[in-house]
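A short worksheet on the structure shown next.
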Amino acid sequence: MKMINAIIKPFKLDDVREALSEIGVQGITVTEVKGFGRQKGHTELYRGAEYVVDFLPKLKVEVVVNDSALEQTIEAISKAANTGKIGDGKIFVSAIEQSIRIRTGETGDDAI
Amino acid sequence: MKMINAIIKPFKLDDVREALSEIGVQGITVTEVKGFGRQKGHTELYRGAEYVVDFLPKLKVEVVVNDSALEQTIEAISKAANTGKIGDGKIFVSAIEQSIRIRTGETGDDAI
Amino acid sequence: MKMINAIIKPFKLDDVREALSEIGVQGITVTEVKGFGRQKGHTELYRGAEYVVDFLPKLKVEVVVNDSALEQTIEAISKAANTGKIGDGKIFVSAIEQSIRIRTGETGDDAI
Amino acid sequence: MNSKLKNIFGFKNSIKKISVYGAIISMVALLPSIAFAQELDTGDTAWMITATVLVLMMTIPGLSLFYAGMVRSKNVLSVFMQCFAITGLMTILWVVFGYSMAFDTTGMEAGVVNMSSIVGGLGNAFMSEITFDSMSGTIPESVFATFQMTFAIITPALIVGAFAERMKFSSMLVFMTAWFAICYVPMVHMVWSGDGALLWDWGVLDFAGGTVVHINAGIAGLVACIMLGKRKGYPTMAMPPHNLTYTIIGAALLWVGWFGFNAGSAVSAGTGAGMAMLVTQVATATAAITWMIVEWITHGKPSVLGIASGAVAGLVAITPASGTVGPEGALYIGIAAGICCFFAATSLKRAMGYDDSLDVFGVHAIGGIVGAILTGIFTAASFGGSGLGDNSIGLQLWIQTKGVLFTIFYTGIFTAIILKIVDMTMGLRVNEEDEHLGLDLAAHDERGYA
Amino acid sequence: MNSKLKNIFGFKNSIKKISVYGAIISMVALLPSIAFAQELDTGDTAWMITATVLVLMMTIPGLSLFYAGMVRSKNVLSVFMQCFAITGLMTILWVVFGYSMAFDTTGMEAGVVNMSSIVGGLGNAFMSEITFDSMSGTIPESVFATFQMTFAIITPALIVGAFAERMKFSSMLVFMTAWFAICYVPMVHMVWSGDGALLWDWGVLDFAGGTVVHINAGIAGLVACIMLGKRKGYPTMAMPPHNLTYTIIGAALLWVGWFGFNAGSAVSAGTGAGMAMLVTQVATATAAITWMIVEWITHGKPSVLGIASGAVAGLVAITPASGTVGPEGALYIGIAAGICCFFAATSLKRAMGYDDSLDVFGVHAIGGIVGAILTGIFTAASFGGSGLGDNSIGLQLWIQTKGVLFTIFYTGIFTAIILKIVDMTMGLRVNEEDEHLGLDLAAHDERGYA
Amino acid sequence: MNSKLKNIFGFKNSIKKISVYGAIISMVALLPSIAFAQELDTGDTAWMITATVLVLMMTIPGLSLFYAGMVRSKNVLSVFMQCFAITGLMTILWVVFGYSMAFDTTGMEAGVVNMSSIVGGLGNAFMSEITFDSMSGTIPESVFATFQMTFAIITPALIVGAFAERMKFSSMLVFMTAWFAICYVPMVHMVWSGDGALLWDWGVLDFAGGTVVHINAGIAGLVACIMLGKRKGYPTMAMPPHNLTYTIIGAALLWVGWFGFNAGSAVSAGTGAGMAMLVTQVATATAAITWMIVEWITHGKPSVLGIASGAVAGLVAITPASGTVGPEGALYIGIAAGICCFFAATSLKRAMGYDDSLDVFGVHAIGGIVGAILTGIFTAASFGGSGLGDNSIGLQLWIQTKGVLFTIFYTGIFTAIILKIVDMTMGLRVNEEDEHLGLDLAAHDERGYA
Ligand SMILES: Nc1ncnc2c1ncn2[C@@H]1O[C@H](COP(=O)(O)OP(=O)(O)O)[C@@H](O)[C@H]1O
Ligand SMILES: Nc1ncnc2c1ncn2[C@@H]1O[C@H](COP(=O)(O)OP(=O)(O)O)[C@@H](O)[C@H]1O
Ligand SMILES: Nc1ncnc2c1ncn2[C@@H]1O[C@H](COP(=O)(O)OP(=O)(O)O)[C@@H](O)[C@H]1O
């Protein structure tokens, strides 16, 4: 099993979720994060003091899939999250050694 | 060392933490996340417009343990987080290659 | 490639980010988390009822780097986040099998 | 009609020496037949419209914010919803029958105890007798009726704090309707409707609502929270206020609005209103600082929730006294309220184990009792009050105590009966799952914060 | 000057029977030459200063909160900014030319339609004629001018809700300036400036601003939201309110402040103000509860946004009627407003497909129309109103309808023209990227919550 | 007692031509012996009770919100706590000795400088002389004393903004107690207590508190923030406001409440109050729009914090002028305040390097100075003001400047001395760890948001 960790632009969440649903992914977990990267932040103003906010709001989408679904899932996310503009985000893949569904105790691919 | 990544129902946090304390786990890190899965979301209403909110509030509990403690820890979390109802969540396990305690510079099992 | 997962004290973020910039790390992702560990929480008061809040606000900094940059990056974070006081946090390292930049489709080290 | 006028000027029976409008009271007493013909005073009217606005502001948004901040975020809207719905519902009930039954004086006679001593009739139902010309003393009756309406709104709303986070919304509406009719309206009638009314004839001093409003609501809250049972998890699970800034803003608006409540109860813009404003401010400040100090000593640090609670305790305690005590009495009442309510809302509550979510009993019932009793002392001219007439302090203390006890038992019993019936017919409490999810989503399909 | 005084006392032509100040109206009518010499009444002045404060509070922070809570958090500040800037801008415009053009009566004559029936002149520009001595009836002219100023502030601010989350700030300021001059000021003049004014001469009853304020703003909002186009993503993307607690607090402050609006429109602290207060409270409560019930039935649960919207709908609908209907009429108006606005803001909006972000049309235009029309019925003495004079209900209904239709067309057309011009010259809408980012950062370099 | 009455009517020495109440002033001057017997006016009383309520609302929740929104979320409660505790503390101090020492006139004589020119005695300590009958002009003395009390509350509370996020709570209470006794009470006495008072005799015009309130607090704030030192991290670390919606809501409530402050300072509901209301509105709106424009030009975008700050700057600047200037003067004062305070709170602050957390100096001291000086110009009849009596503009300007300088030095020196003593005895500043953690948890064991 693999854990796909995608950092995306917040307004792309619905697209990504739909794309994943289409290919049969049934569970995802989303976290609000702040991203720092090539994309420039914005300036904020406070009583004449301007300061640059480098961190931009992003969403981290975590999906665990079995190995066979990996490529397809990456594909789906990439496509759905792409705007072609800087700051679209990244996808990181790592290995998951074990999976358990708390409710039933199922493990492995059944637990995804 | 292993990283245990448990998605649980928010109100189960105290139980999980206690269960972990009991078996000697000394550190955990918790993140508020939104989960999408088999569990149905709820309907919200806005001036007559109903829309379904699919994402449910969940907590992600991250615990790094040494290999020997793995089974016991999974066991403890599973038990404490279980309600038997849909949406109880998942546990994902992955490998940790290195661990460092920032304060002391200790590494490996000592740093957990 | 490696994923460095650092739990740090919130007010250390700016220092950590600068330290990483200096060694050429171009992207990081930050999450607000709650940490439970050796560091003692604080007491809160509510109409005469005192209760202990064990969970402390921490930040989780995620950085993916290529293998060669690993040691240097850990070093930088450790140094920048260190106060010498309990609760400084931990660094966990795991393997990343694949990396994709959504905008361009680049993969591997190019995508970091 | 006449008795309404007397009410306006305070407690005719027991208080003789209230300067300025003392003269007017005599006038009214001497010439009851022309009372209705009293001329409109634009100053009094201006103040009373403003006072009405202020008392409404106490409930929405004042009390709503005070309470909403203290619950968990998943229930924040349910508190606002309950306060808002009560505001709407009580307005309608007040128009339909409340005003009539509270202030109708048919069949009342000084010293005679009959059914009319308890509650009035329906002659003025739907406010059918209020025309564009109707007067109440020196102000339009429309203003008097609306002013009193705002009291009928806030009193039930106060109870919300006791059963917060677990009562069914529909049952709440039914309970409140019955409680309004059975507990609130008769209490108003018995205390404020003039000669022949039960507590009025006893000589109970209650200028702005210590018994009618605060003890009444506070006891109802205690009964309700006991009958509903504790919130799931209480007291082992921490249930900290989700937004104390709302609570302190709410406390501030209560403080500000309370001048409408107390100084408005003079029903005129004269020295009575002025002194009520001054003593209200003094007692509130003193109680807030007292609570702060007591908490600082006992806990080691003073808290925002503490000082806010102290302020509300002071406002409650000065309410019955605000027409008849002076600045000195206000200081003492403030200190007493700060201390007593602090211990009631902290030690007493924990010792007894009931789950009065937002301390309606600890603050309103206890504060109301402290204030009602002390009114019997500090109204005395020797303490700078307006004087007890022919009564000694001891006698007045006994009268006040009688009034307090009556209110406690009257309200306690009827609240319990109403709740029992509602519980048996429709159930009082949301199911466990809904309580878990939070009332906002469970009962209203909304969340406070997206 | 004289007509201003008449305006103060309501609708001279059509309403004969308004007790207390009925007498004054006659006096004014008989002795126009000494009207200016009327003596200052401190009670009336006290109330009118207070009423002015209350109406200002309706916009900041009342309406601002009501609206700000409903937008997404990335646009929360933009709403506050728009309301605040409008408050500042309209104040200046009112001083510079608005007050003069609204209330100047030079060249007006009862029954004669000329340019002066539409809008006044610039004789009092910069309020140059207001001295420390100037009076308007029984209150200082400075108070009257400031009271009316607060209406000139809230009316444009109401429109903000329709184009929220997508209009350029600079274009908004230009649009509002033109709209104020072309749509607002003339409407005030035509309805309220007295004999010779167009709608006044028709006999249109609009005590506190059903046509002038609510239909005017509501129609402008509808035109604006259509011309700007839908928000990106509407209606498929969910755009839930980011903070309903703000919305309900805002609704509460609107409710509380509205007594300044309606009871203040009596321009005196008498029975007229008193009755306006009572009926405002009754209609508001009734509409809130009605909306709640209708929603409960149609959707299955009552919502906070629903009850708050219902309250505002009630406030809007009673506005034109508040000087002339009694409690009974207020009940019916409240029910009608609750039902009509509910369906307008839900079913109608979705059926038609326009994106009126915060339902300015559904609540203000529809509520205003319902109220304006029903005023023609419930003012009748047979319904407990102050009476229609010589008019039959049928005739008055026709007059009211004429007033409503005139307002709809007048405002609809001119709003469209102004927006078209602004769009062609500077553009109405922010670019897509800014809309995405949110107006707070895009237009103001700030975020609501750090 | 007598001088209190004169105070009510403004600045007897220098202003002769203030219509309506001009007559009353003469009356008072002619018949001082019967002044106390002046009859109660219900309209004046109605307005002054309301004004008192409004000024209290300025502090809680107005100013509290304005300030609380600007700090970081970890300190949000500490700001509320400080404002609330100050409200309670100052109330008590005002009752105990403040009112007496501020308004006692024993030993004062026009033109004679003695100890009584600086501060009054303790004859009325504990308000022992205020009975149910006491009058102050046409209103009950209880109302006058409470009205003035609200000024004594907000002035110290203003200072909180300067040392926010780093002062010890206990030291703050001690400092404020001393500052109240040494800086505030004497300033009130010197400016407002009538013939024989230092600045009054100089002929300084300060209708509602430019010197007494704003320069006084603003200078104290500057001294305090310098003596406490910068917040850890300032200015390199960004410390953005954690919730600008609170700040703008607070600004709105300050705006709304300020009518109590300025129009209330007329101590009557007449033309003076009316004109004060109008000019307050005009200057505030103008300053808000001016700040917005200046910021738009210099930074490229207008901000919410900017327009809010501009509004407060305008309110501050018109304060001393609000009794004597007309709408035209108000426009100019608004423009000047907008420009000067903008640069003081942005460029000047950064150039000088002090850490005045929330710009108490930049807005209140500078705004107060601008207003106090310009009062000397725009009070002139040629600018539509009420007139300077026998003084030329030049002379009045000099008098105003003298008043400003005196206030700056008096307050500056004594504030520094008090702070030094508190610092040496108990320490002014929280330790670094607590500053890090945030004052909410460190000092109050609470968090704003759970
Ligand atoms: N090496 C990295 N480790 C962790 N997160 C990263 C890394 N690089 C980028 N990110 C995340 O991806 C987001 C987008 O990256 P950015 O460089 O701004 O644009 P792009 O994705 O177009 O290259 C960042 O905001 C950050 O959250
Ligand atoms: N494949 C997955 N990858 C990541 N998170 C998942 C995955 N499947 C489930 N989750 C998380 O687990 C939560 C619970 O899953 P759900 O399917 O609702 O119920 P259950 O755990 O009973 O099967 C989801 O809300 C989501 O946060
Ligand atoms: N085994 C662990 N798994 C996950 N997170 C941990 C673990 N141990 C510590 N942490 C995180 O690191 C933070 C700091 O740890 P703590 O024990 O308080 O102090 P120190 O880092 O000085 O040993 C904790 O608050 C928690 O978030």
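Chains A, B, C, D, E and F are the protein sequences, given in the same order.
Quick note on our numbering: the first sequence kicks off at 1 and runs consecutively.
Quick note on our numbering: the second sequence kicks off at 113 and runs consecutively.
Quick note on our numbering: the third sequence kicks off at 225 and runs consecutively.
Quick note on our numbering: the fourth sequence kicks off at 337 and runs consecutively.
Quick note on our numbering: the fifth sequence kicks off at 787 and runs consecutively.
Quick note on our numbering: the sixth sequence kicks off at 1237 and runs consecutively.
Just so it is clear, CB atoms sit at the ideal spot from N, CA and C, and this is done for glycine as well.
Since this is a predicted model, take the numbers as computed values, not measurements.
Along the segment 1294-1347 of chain F, the alpha helix (DSSP H) occurs as fully enclosed runs of 4 or more residues at 1300-1304, 1312-1329, 1335-1339, listed in sequence order. Proximity of the segment 841-861 of chain E to the segment 1027-1045 of chain E meets the contact definition, three or more beta-carbon pairs being nearer than 8 Å. In this structure F/Ile-1451 is in contact with F/Ile-1644, their Cβ atoms being roughly 6 Å apart against a cut-off of 8 Å.
Selection D/Ala-421, D/Ile-466, D/Phe-420, D/Leu-425 evaluated against D/Asp-440 yields D/Ile-466 as nearest (Cα-Cα).
Among the residues facing chain F, E/Tyr-1235 is included, as its CB has a counterpart in that chain under 8 Å away. Note on the segment 963-1007 of chain E: whole alpha helix (DSSP H) runs with a minimum of 4 residues are 971-978, 984-988, in chain order.
A/Gln-26 is classed as exposed because its beta carbon has fewer than 16 other beta carbons within 10 Å across all chains shown. Selection around ligand 1 by beta-carbon proximity, strictly under 7 Å to any non-hydrogen atom, yields A/Ile-7, A/Val-33, A/Gly-35, A/Phe-36, A/Gly-37, A/Arg-38, A/Gln-39, A/Leu-56, A/Lys-58, A/Ile-86, A/Gly-87, A/Asp-88, A/Gly-89, A/Lys-90, C/Val-249, C/Gln-250, C/Gly-251, C/Ile-252, C/Thr-253, C/Glu-286, C/Val-287, C/Val-288, C/Val-289, C/Arg-325, C/Ile-326, C/Arg-327, C/Ile-336 in chain order.
Remark: C-beta atoms of F/Ala-1487 and F/Val-1548 approach each other more closely than 8 Å. Annotation: A/Ile-74 has no Cβ neighbours in chain B at a cutoff of 9 Å; minimum Cβ distance is about 18 Å. Under the criterion of beta carbons closer than 8 Å, C/Leu-283 and C/Gly-265 do not qualify as touching, at roughly 17 Å. In this structure, E/Gly-1115 and E/Ala-1103 do not form a Cβ contact; the two beta carbons are roughly 11 Å apart against a cut-off of 8 Å.
The alpha-carbon of D/Met-688 is positioned some 27 Å away from that of D/Ser-400. In this structure, the beta-carbon distance from C/Asp-291 to C/Met-227 does not fall below 8 Å. Per DSSP, reduced to three states, the secondary structure at E/Ser-1133 is helical.
Separation of F/Asp-1431 and E/Ile-1035 (C-alpha to C-alpha, rounded to the nearest whole angstrom) is 47 Å.
Listed along chain C are Leu-269, Gly-272, Glu-274, each with a C-beta nearer than 8 Å to that of D/His-635. At a Cβ-Cβ threshold of 8 Å, F/Ser-1501 and F/Asp-1280 do not count as neighbours. Remark: C-beta atoms of F/Leu-1329 and F/Leu-1409 do not approach each other more closely than 8 Å. Interface flag for F/Glu-1682 against chain C is set, since a Cβ pair is found closer than 8 Å. Under the rule that a run must span 4 or more residues, no alpha helix (DSSP H) segment is found entirely inside the segment 1162-1200 of chain E.
Comparing alpha-carbon positions, the option among D/Trp-383, D/Thr-711, D/Gln-617 lying closest to D/Thr-474 turns out to be D/Trp-383. Note on F/Glu-1531: 16 or more other CB atoms within 10 angstroms of its CB, so buried under the neighbour-count rule.
By the Cβ rule, the segment 1194-1208 of chain E counts as touching the segment 967-976 of chain E, because three or more pairs are nearer than 8 Å. Look at B/Phe-148: its C-beta is not under 8 Å from any C-beta on chain D. Inclusion of D/Ala-560 and D/Ile-495 in the CB contact set at 8 Å is warranted, their separation being smaller than that value.
Per DSSP, C/His-266 lies in no alpha helix (DSSP H) segment; the continuous beta strand (DSSP E) that holds it begins and ends at 266-270. Closer than 8 Å to the CB of E/Ser-1051 there is not a single CB belonging to chain F. Contact check for E/Leu-1181 against E/Ile-1159 fails: the beta carbons are separated by 8 Å or more. With at least 16 other beta carbons inside 10 angstroms of its own, F/Asn-1360 counts as buried. Linking E/Phe-966 to E/Pro-942 through their CA atoms gives a straight-line distance of about 7 Å.
Here C/Gln-322 is bridged, per DSSP, to A/Val-93.
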